[in-house]
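Report on the structure given below.
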Amino acid sequence: MGNDATELDPALFENLRLELRRGCLTLAVLSQLRRERYGYTLRKALEEAGLEMDEGTLYPLLRRLESQGLLTSEWREENKRRKRFYRLLPAGERMFEQLSAELRRINASLDRIIAEA
Amino acid sequence: MTMLDRYLYAVQNSLPKDQAAGDIVAEIGDDLQSQMEEREAALGRKLTDDEQATLIKAYGHPRVVAARYGGVQHLIGHELLPFYWSTLSFVGTVVVAIELIGGAISALVAHNGALFFGALAAAWNSLIWIFGIVTIIFALSERVPKREGRPFGSRLFSWDPRRLPAPGAWPPVPRSSSLIEFIVNFIALLVLLDAAGPHHIPLDAVVANALLHMHATLTPAWHSAYIGLVAGTSIIAISAIVVFVKPQLRTLQELARAISSAVVIIGIAFTLQAGPTVQPAGGPLNTAALYTLVGALVVLALQLSISIRALLRKPVSRTASRTQGITHA
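First to last, the sequence lines map onto chains A and B. Residue numbers for the first sequence follow our numbering, beginning at 354 and rising by one. Residue numbers for the second sequence follow our numbering, beginning at 12 and rising by one.
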């Protein structure tokens, strides 16, 4: 008959996990950029918070958020090397607040749905 | 030049032209250098070439890294894809049909069957061109800035829920099926109409030569079957054009098939009653013609019964049963 739990497809699980995670990454990045950071320290901060994000995902995401008017960036020298520092714009802060509220609402609904299942 | 410089140069060369390549590469370079410094601090020594290579390799192939900064990664996205396929099939079938009909008419007017086969080759070329042009137009549409959140060509997205077919309605006839039905019957009609005076259509020549070789001729008994066949193929060819334009007219298609089969059956029945179909009578050719006509009658009767059953059957699609499940839940 149908597949049971012992036949869980790891590749399928990984795909669904990434899908589930994708939407949260933007919110995580916005949250960390309420304070100015450059890419590497941002990635480290996310990693320490338990949300690993590879460079190939982070830097294009930062560019996209900047082009959407949520972030601003500035090249500055630090430790004898030029680094690009990012921080939220007021529009980014408002977006972060709204998305956080939305995530909390979704979480509360999901908690109820999962508990009832 | 270091290994990192070569890597960054390769990324820069693969970046989309509209991106600020210098900025991107500088940022990637800074990230990789930070990673190397962190690793060196942990090890208490400089990284070896192999260790550097491993770290850079883990970052990803230069083209893959660069591609992440691109915008649209697909030629035609999922929103436009269904419209792309329907446009491609519609334009393709219309152009091919026009070329084949034009070629067939030219062949008849010029009394040169080769013109029809020339049109076949031209139709094939046209299909390749249509594929290229339609693909380019849709690919460009994907890249035109969106208005109101809809891709270019948003007219494609205009639809009215009130005009969708009702659950249980006949599913539309695929346009490719109508086109094939039309072409087959149109060619058959041309061959039939050419039977009286050869226009160098190969099939006619083959039949005429074969009969000549066997010192035989067809008798006037064939007239009824001939008229039935001309009428039957005409009915199907005309209905195929109508159904091509209005694919939801499946009933018309089945009705045309039923009438066409009935007309040809009547024609053949009169032919069989009229006496020998091949001169000289009584030979093996007569027997072969008789068996052929009886075989055709059986096939046509089968087609007639299938069409009548289809016309009488209440169309209940799987979609309809699913919809009932949803609406009654």
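Cβ coordinates follow ideal geometry from the N, Cα and C atoms, glycine included.
Once the 5 residues before and after residue i are set aside, which same chain residues still bring their CB inside 6 Å of it?
| i | result |
| --- | --- |
| residue 444(A) | 422, 423 |
| residue 63(B) | 14 |
| residue 375(A) | none |
| residue 95(B) | 87, 149 |
| residue 302(B) | none |
| residue 235(B) | 278, 281, 282 |
| residue 272(B) | 311, 314, 315 |
| residue 436(A) | 391 |
| residue 427(A) | 438 |
| residue 261(B) | 181, 184 |
Any beta carbon from chain B within less than 8 Å of residue i's own beta carbon?
| i | result |
| --- | --- |
| residue 433(A) | no |
| residue 439(A) | no |
| residue 367(A) | no |
Could you pull the start and end residues of the alpha helix (DSSP H) that residue i belongs to?
| i | result |
| --- | --- |
| residue 426(A) | It is not in any alpha helix (DSSP H) - residue 426(A) instead sits in the beta strand (DSSP E) that spans 424-431. |
| residue 58(B) | Looking at the DSSP string, residue 58(B) is not in any alpha helix (DSSP H), and its letter there is neither H nor E. |
| residue 181(B) | Taken as a continuous stretch (DSSP letters only), residue 181(B) belongs to no alpha helix (DSSP H), as it is neither H nor E. |
| residue 363(A) | 363-385 |
| residue 123(B) | Where residue 123(B) is concerned, there is no enclosing alpha helix (DSSP H), given that its DSSP letter is neither H nor E. |
| residue 259(B) | Element bounds for residue 259(B): n/a, residue is neither H nor E. |
| residue 312(B) | 295-323 |
| residue 393(A) | 392-401 |
| residue 23(B) | 14-25 |
| residue 73(B) | 73-78 |
| residue 410(A) | 408-420 |
| residue 191(B) | 186-204 |
Would you mind reading off the limits of the beta strand (DSSP E) that contains residue i?
| i | result |
| --- | --- |
| residue 434(A) | 434-441 |
Kindly indicate if chain A contains any beta-carbon less than 8 Å away from that of residue i.
| i | result |
| --- | --- |
| residue 38(B) | yes |
| residue 186(B) | no |
| residue 63(B) | no |
| residue 45(B) | yes |
| residue 33(B) | no |
| residue 332(B) | With a pLDDT of 47 at residue 332(B), under the threshold of 50, the modelled position of this residue cannot be trusted; read the value that follows with caution. No, its Cβ sits nowhere closer than 8 Å to a Cβ of chain A. |
| residue 71(B) | yes |
| residue 80(B) | yes |
| residue 76(B) | yes |
| residue 42(B) | yes |
| residue 340(B) | At residue 340(B), the pLDDT of 41 sits below 50, so the modelled position is not reliable and the matter cannot be decided from this model. |
So residue i packs on residue j, CB below 8 Å; how close in whole Å?
| i | j | result |
| --- | --- | --- |
| residue 66(B) | residue 150(B) | Not really, about 37 Å apart at Cβ, beyond 8 Å. |
| residue 197(B) | residue 112(B) | 7 Å |
| residue 186(B) | residue 101(B) | 7 Å |
| residue 76(B) | residue 409(A) | 6 Å |
| residue 127(B) | residue 115(B) | 5 Å |
| residue 48(B) | residue 57(B) | The pair is not a contact, with the Cβ atoms about 10 Å apart (cut-off 8 Å). |
| residue 361(A) | residue 441(A) | No, residue 361(A) and residue 441(A) are not in contact; Cβ-Cβ is about 39 Å, not under 8 Å. |
| residue 275(B) | residue 263(B) | Residue 275(B) to residue 263(B), Cβ: 18 Å. No contact. |
| residue 266(B) | residue 190(B) | So it is not a contact: roughly 19 Å between Cβ atoms. |
| residue 43(B) | residue 20(B) | The Cβ separation is near 13 Å, so there is no contact. |
| residue 183(B) | residue 258(B) | 4 Å |
| residue 373(A) | residue 385(A) | Not really, about 20 Å apart at Cβ, beyond 8 Å. |
| residue 193(B) | residue 109(B) | Rounded, the Cβ-Cβ distance is 12 Å, inconsistent with contact. |
| residue 462(A) | residue 380(A) | With a Cβ gap of about 17 Å, residue 462(A) and residue 380(A) do not count as contacting. |
Near residue i, what residues of its chain come up, given a Cβ to Cβ distance below 8 Å and the 5 sequence neighbours on each side ignored?
| i | result |
| --- | --- |
| residue 200(B) | 241, 244, 245, 248 |
| residue 141(B) | 99, 102, 103, 106 |
| residue 304(B) | 236, 279, 282, 283, 288 |
| residue 341(B) | Nothing about residue 341(B) can be reported from this structure: the residues present for chain B run from 12 to 340 only. |
| residue 400(A) | 406 |
Once the 5 residues before and after residue i are set aside, which same chain residues still bring their CB inside 7 Å of it?
| i | result |
| --- | --- |
| residue 289(B) | 227, 229, 230, 296, 297, 300 |
| residue 26(B) | 32, 35, 77, 80 |
| residue 365(A) | none |
| residue 338(B) | Bear in mind that a pLDDT of 48 at residue 338(B), under 50, signals an unreliable position, so the number given afterwards is only what the model happens to contain. For residue 338(B), where only same-chain residues beyond five positions count, there are no Cβ hits under 7 Å. |
| residue 89(B) | none |
| residue 308(B) | 276, 279 |
Are any of the Cβ atoms in chain D nearer than 8 Å to that of residue i?
| i | result |
| --- | --- |
| residue 370(A) | In summary, chain D is missing from the structure at hand, where the protein chains are A and B. |
Could you list the residues in the segment 394-417 of chain A with a C-beta less than 8 Å from some C-beta on chain B, going in chain order? Of all residues in the segment 394-417 of chain A, 396, 408, 409, 410, 412, 413, 416 have a Cβ within less than 8 Å of some Cβ in chain B.
Select from the segment 367-393 of chain A all residues with a C-beta closer than 9 Å to any C-beta belonging to chain B, and list them in chain order. For the segment 367-393 of chain A, which is checked against every Cβ of chain B, the residues closer than 9 Å are 391, 392, 393.
Return the residues of the segment 258-282 of chain B that lie within a Cβ-Cβ distance of less than 7 Å from chain A, sorted by chain order. Correct list: empty, as no residue qualifies.
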